[in-house]
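So the sequence shown is residues 6 to 159, counted in this note's numbering.
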Amino acid sequence: MITLLRNLTNMYPPHGGFDRVPSQNETTPGADLARIKYYRNYLAHLDEGKVECSEFNSAWEIISEAIGRLGGQQLKLECDQLKTKTLDQTNTEIMMDIKRSNDEIKELKESLNSLKQSHEALQDDHAEMTKEIQRLKTCQEDTVPWNVRGKDWT
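In structure tokens form, the structure reads like this:
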């Protein structure tokens, strides 16, 4: 959505571009979009899916102010109401699904790391076996048998 707004409107990018959080003094529409994008990505990609209360409140305030500047006072009021709204059963189930998905992702990452380690060990074993096979081939190709090699027959 942000990419569409950036490219299909006459919006000017903030000083650091759309991919960095702008300074608090910069309150242009482009800066507010960049701010929303930054916090959305930051909060969506937390490792544990947890955030400190003070950090959440700070991000919420910054985001809702940006939304208020972009969409007007009515949207700002909606943001303020949403902050304290009790989750209904559907939202609670969605949150639980997200938590389960995050747990599954964590387990999959651990399995992937284990598989990578196993793969590396197998590659090392394969390299050693290849060297041993090459050594055995060289021994087989030698015309002087190993038990005769190096003996003085005089």
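We treat Cβ as the ideally placed atom computed from N, Cα and C, and that holds for glycine.
| Where residue 132 falls, given that 16 or more other Cβ within 10 Å makes a residue buried | As a first step, residue 132 is located in the sequence shown; it is residue number 127 there, counting from the start. The residue in question, residue 132, is exposed, as its Cβ has fewer than 16 Cβ neighbours within 10 Å.
| What are the complete alpha helix (DSSP H) segments, minimum 4 residues, inside the region 33-70? | If we require 4 residues or more, the alpha helix (DSSP H) runs fully inside the region 33-70 come out as 34-49.
| task | State yes or no: is the C-beta of residue 88 within less than 8 Å of the C-beta of residue 65? | result | Indexing the sequence shown from 1 puts residue 88 at position 83. Indexing the sequence shown from 1 puts residue 65 at position 60. With contacts defined as CB atoms closer than 8 Å, residue 88 and residue 65 qualify as a contacting pair.
| Alpha-carbon to alpha-carbon, residue 144 and residue 152 | Your numbering for residue 152 matches position 147 in the sequence shown. Your numbering for residue 144 matches position 139 in the sequence shown. When rounded, the distance between both Cα atoms is 12 Å.
| said: Contact defined as beta carbons within less than 8 Å: I believe residue 23 pairs with residue 11. What is the distance between those atoms, to the nearest angstrom? | reply: The sequence position of residue 23 within the sequence shown is 18, counting from 1. The sequence position of residue 11 within the sequence shown is 6, counting from 1. With 8 Å as the limit, residue 23 and residue 11 qualify as a contact, their Cβ atoms being about 6 Å apart.
| query | If you run the structure through DSSP and keep just helix, strand and coil, what is residue 28? | reply | For the purposes of this step, residue 28 is identified with residue 23 of the sequence shown, where counting begins at 1. Of the three classes helix, strand and coil, the one that applies to residue 28 here is coil, per DSSP.
| request: Identify whether residue 77 lies in helix, strand or coil by the three-state DSSP scheme. | output: What you label residue 77 is simply residue 72 of the sequence shown in a count that begins at 1. Collapsing the DSSP output to three states places residue 77 in coil.
| said: Using the Cβ count rule (16 or more neighbours within 10 Å means buried), how would you classify residue 38? | reply: To locate residue 38, count along the sequence shown from 1; it is residue 33. Buried, because 16 or more other Cβ atoms sit within 10 Å of the Cβ of residue 38.
| said: Taking 7 Å as the limit between beta carbons, can you name the residues of its chain near residue 85, skipping five residues before and five after? | reply: In the sequence shown, the residue the question calls residue 85 occupies position 80. So the list reads 69, once near-sequence residues are dropped.
| request: Quick one: give me the first and last residue of the alpha helix (DSSP H) that residue 120 is part of. | output: Position 115 of the sequence shown, counted from the start, is the residue given in the question as residue 120. First-last of the alpha helix (DSSP H) with residue 120: 94-146.
| In its own chain, which residues sit with a C-beta less than 7 Å from the C-beta of residue 67, not counting the 5 before and 5 after it? | Indexing the sequence shown from 1 puts residue 67 at position 62. Contacts found: 40 and 44.
| query | For residue 107, which residues from the same chain have a beta carbon less than 7 Å from its beta carbon, with the 5 sequence-adjacent residues on both sides left out? | reply | Mapped onto the sequence shown, residue 107 falls at position 102. Its chain contains 54 as the residues whose beta carbon lies nearer than 7 Å to that of residue 107, once the 5 sequence neighbours on both sides are disregarded; these appear in chain order.
| request: Within the same chain, show all residues whose beta-carbon is closer than 6 Å to that of residue 35, passing over the 5 residues directly before and after it, in chain order. | output: Position 30 of the sequence shown holds residue 35. For residue 35, where only same-chain residues beyond five positions count, the Cβ hits under 6 Å are 16, 17, 18 and 19.
| query | Ends of the alpha helix (DSSP H) at residue 8? | reply | As a working mapping, residue 8 is identified with position 3 in the sequence shown. First-last of the alpha helix (DSSP H) with residue 8: 7-13.
| field | Contact check, residue 113 vs residue 100, beta carbons under 8 Å | value | Walking along the sequence shown from the start, residue 113 turns up at place 108. Walking along the sequence shown from the start, residue 100 turns up at place 95. No, Cβ-Cβ distance for residue 113 and residue 100 is not below 8 Å.
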